[in-house]
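Using full-length UniProt numbering, the first residue of the sequence shown is number 1, and each one after it goes up by one. Built from N, CA and C at the ideal position, the CB exists for glycine as well. The block underneath contains the structure these notes are about, expressed in C-alpha cells.
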Amino acid sequence: MISLFFSILASTLIFIVFKLFSKYNINTFQAIVVNYIVACICGLLAYSGDLSIREIPGQPWFVYTLGLGITFIVVFNLMALTTQRSGLSVVSVATKMSLVIPVVFGLWYYKESLGIFKATGIVLALVAVYFASIKNKDGLKIQRSNLIFPVLVFLGSGFIDTSIKYLENSYVATDEVPVFSATIFAAAGSLGLISLIFLALKGSIRIDIKNIIGGIFLGVPNYFSVYFLVEALRSGMLESSGIFTVNNVAIVMLSTLVGILLFKEKLIVKNWIGIIIAVVSILLITIDFNV
Numbered sequence: 001m002i003s004l005f006f007s008i009l010a011s012t013l014i015f016i017v018f019k020l021f022s023k024y025n026i027n028t029f030q031a032i033v034v035n036y037i038v039a040c041i042c043g044l045l046a047y048s049g050d051l052s053i054r055e056i057p058g059q060p061w062f063v064y065t066l067g068l069g070i071t072f073i074v075v076f077n078l079m080a081l082t083t084q085r086s087g088l089s090v091v092s093v094a095t096k097m098s099l100v101i102p103v104v105f106g107l108w109y110y111k112e113s114l115g116i117f118k119a120t121g122i123v124l125a126l127v128a129v130y131f132a133s134i135k136n137k138d139g140l141k142i143q144r145s146n147l148i149f150p151v152l153v154f155l156g157s158g159f160i161d162t163s164i165k166y167l168e169n170s171y172v173a174t175d176e177v178p179v180f181s182a183t184i185f186a187a188a189g190s191l192g193l194i195s196l197i198f199l200a201l202k203g204s205i206r207i208d209i210k211n212i213i214g215g216i217f218l219g220v221p222n223y224f225s226v227y228f229l230v231e232a233l234r235s236g237m238l239e240s241s242g243i244f245t246v247n248n249v250a251i252v253m254l255s256t257l258v259g260i261l262l263f264k265e266k267l268i269v270k271n272w273i274g275i276i277i278a279v280v281s282i283l284l285i286t287i288d289f290n291v
C-alpha cells in the first residue's frame, strides 16, 4: 500500500508544480524536456544493480522503452493542444478516463477477477473522475472538429499505462525498475531535446533559466510517480485493474483537495459529488480484493 500511496503523492506533486508553472510564467515545453532528463538521472542514481549502461540496449525491454518514451512526449503535446482547443477539464477527463484501457487489459489478458464490488467501484471511479474534473456547471463542451485530440490523449495515456504493466510483468527484473524507468525518460528527453535545439537554432524560442529550474522540480516527482506505480503493480496488494483505478481516481481526488487548500480554487457541487464518489469507489475496490 505504501508504494501506491507514494505514486499518488508524486503524481499530485506534479499537479502542484504545473499549477506553479502558470503562476511564474514558465514555458511548459522547455520545462517538460528538462523534466525528462532529470527523471532519467534520478533513475540512474537510484539503480544499484549489476547492469552497466553499455548493457542496457541489449535488454529485452529496451526497444519497448524507446517507443514508450516517444509516446510520452507525443501525448504531452496532444494534451497541450487539447487544452488550447477544448480546455483543461477535457484533458483531465480524457487522461484519467484512460484507466479503462489498462483495466480491461488486466481483466482480459491476465484473467483478473471482477466481483460485484470491484465492477461497481470501477464504474463509480469513472463517474468520479468526470464530476471531479469539470469546472463549470454546463459540463464539457467539445467542438466536433476538435474531438480527435482528446480521443488521442485517451488512447495514448491508456497505451502508456498498459505498456508499463505488460513490460514490468514480462521483461523487467525486480532490481531493474529504476533503470527501466530511466530509459523511458531518456528516450522522451532525447526527442524533446532535439526539438528544443532545433527551435532554438531557428530563433523560435529562447532558453530561460527559470524553465530549467521548473523542469528540475517537475522531474523528481515525475520519476517517482512511475517508479512507485511499477512497485505498486508488483506488490500484490491489488490486481493491476484495481491499482490503476485506485491510482487514477485518488490522484484526481487529492489534486482537487490540494487545489482548494493551496490555490484557493472554488469547487462546484459536481466536484464535491465527484470526491465523495471517488472515496466510495476506492473502498469498494479494496473491499472486493479482501473479500
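Burial state of N77, where buried means 16 or more other Cβ atoms lie within 10 Å: Numbered from its first residue, the sequence shown carries residue 77 at position 77. So N77 counts as exposed.
Under 8 Å between C-beta atoms of S98 and S190: Within the sequence shown, residue 98 is the residue found at index 98, counting from 1. Within the sequence shown, residue 190 is the residue found at index 190, counting from 1. One thing to note: S98 has its Cβ no nearer than 8 Å to the Cβ of S190.
Minimum length 3: unbroken beta strand (DSSP E) runs contained in the stretch 174 to 252: Positions of the beta strand (DSSP E) runs, each at least 3 residues long and wholly inside the stretch 174 to 252, cannot be given because no such run exists.
Per-residue DSSP class, three states only, for G58: Here residue 58 corresponds to residue number 58 of the sequence shown, with the count starting at 1. DSSP places G58 within a helical segment (H, G or I) once states are collapsed to three.
Own chain residues within Cβ distance below 7 Å of N83, not counting five before or after: Along the sequence shown, read from residue 1 onward, the residue named residue 83 stands at position 83. It is worth fixing the name first, because residue 83 is Thr in this sequence and not Asn. In the same chain as T83, and ignoring 5 residues on each side of it, the C-beta atoms closer than 7 Å to its own belong to V91, in chain order.
Secondary structure, alpha helix (DSSP H): runs of 4+ residues fully inside the stretch 128 to 173: As summarised for the stretch 128 to 173, the continuous alpha helix (DSSP H) elements at least 4 residues long and confined to that stretch are 148 to 170, given in chain order.
C-alpha gap between A125 and S281, whole angstroms: For the purposes of this step, residue 125 is identified with residue 125 of the sequence shown, where counting begins at 1. For the purposes of this step, residue 281 is identified with residue 281 of the sequence shown, where counting begins at 1. Straight-line Cα distance between these residues: approximately 5 Å.
Own chain, CB closer than 6 Å to F217, minus 5 neighbours either side, in chain order: Here residue 217 refers to the residue found at position 217 of the sequence shown. These residues qualify, in order along the chain: V17.
Cα-Cα separation, residue 304 to G219: A question about residue 304 goes unanswered here, because the residues of the chain that appear run from 1 up to 291.
Which of helix, strand or coil DSSP assigns to M1: Sequence index remark: in the sequence shown, residue 1 carries index 1 (1-based). Coil.
Contacting residues, own chain, Cβ-Cβ under 6 Å from N248 (five flanking each side not counted): Sequence index remark: in the sequence shown, residue 248 carries index 248 (1-based). Hits under 6 Å: K96, L99.
Assigned exposure category for F198 - 16 Cβ within 10 Å defines buried: By one-based count along the sequence shown, residue 198 stands at place 198. By the neighbour-count rule (16 or more Cβ atoms within 10 Å), F198 is not buried but exposed.
Reduced DSSP secondary structure (H/G/I, E/B, other) of K96: Along the sequence shown, one-based indexing puts residue 96 at 96. In the structure shown, K96 sits in a helix (DSSP, three-state: H, G or I).
Cβ contact (3+ pairs, closer than 8 Å) linking the stretch 55 to 75 and the stretch 172 to 185: Counting C-beta pairs closer than 8 Å gives three or more between the stretch 55 to 75 and the stretch 172 to 185, which meets the contact rule.
Selected residue, minimal CA-CA separation from G192, among S163, I32, G121: Start at 1 with the first residue of the sequence shown, and residue 192 comes out as number 192. Put simply, of S163, I32, G121 the residue whose alpha carbon is nearest the alpha carbon of G192 is I32.
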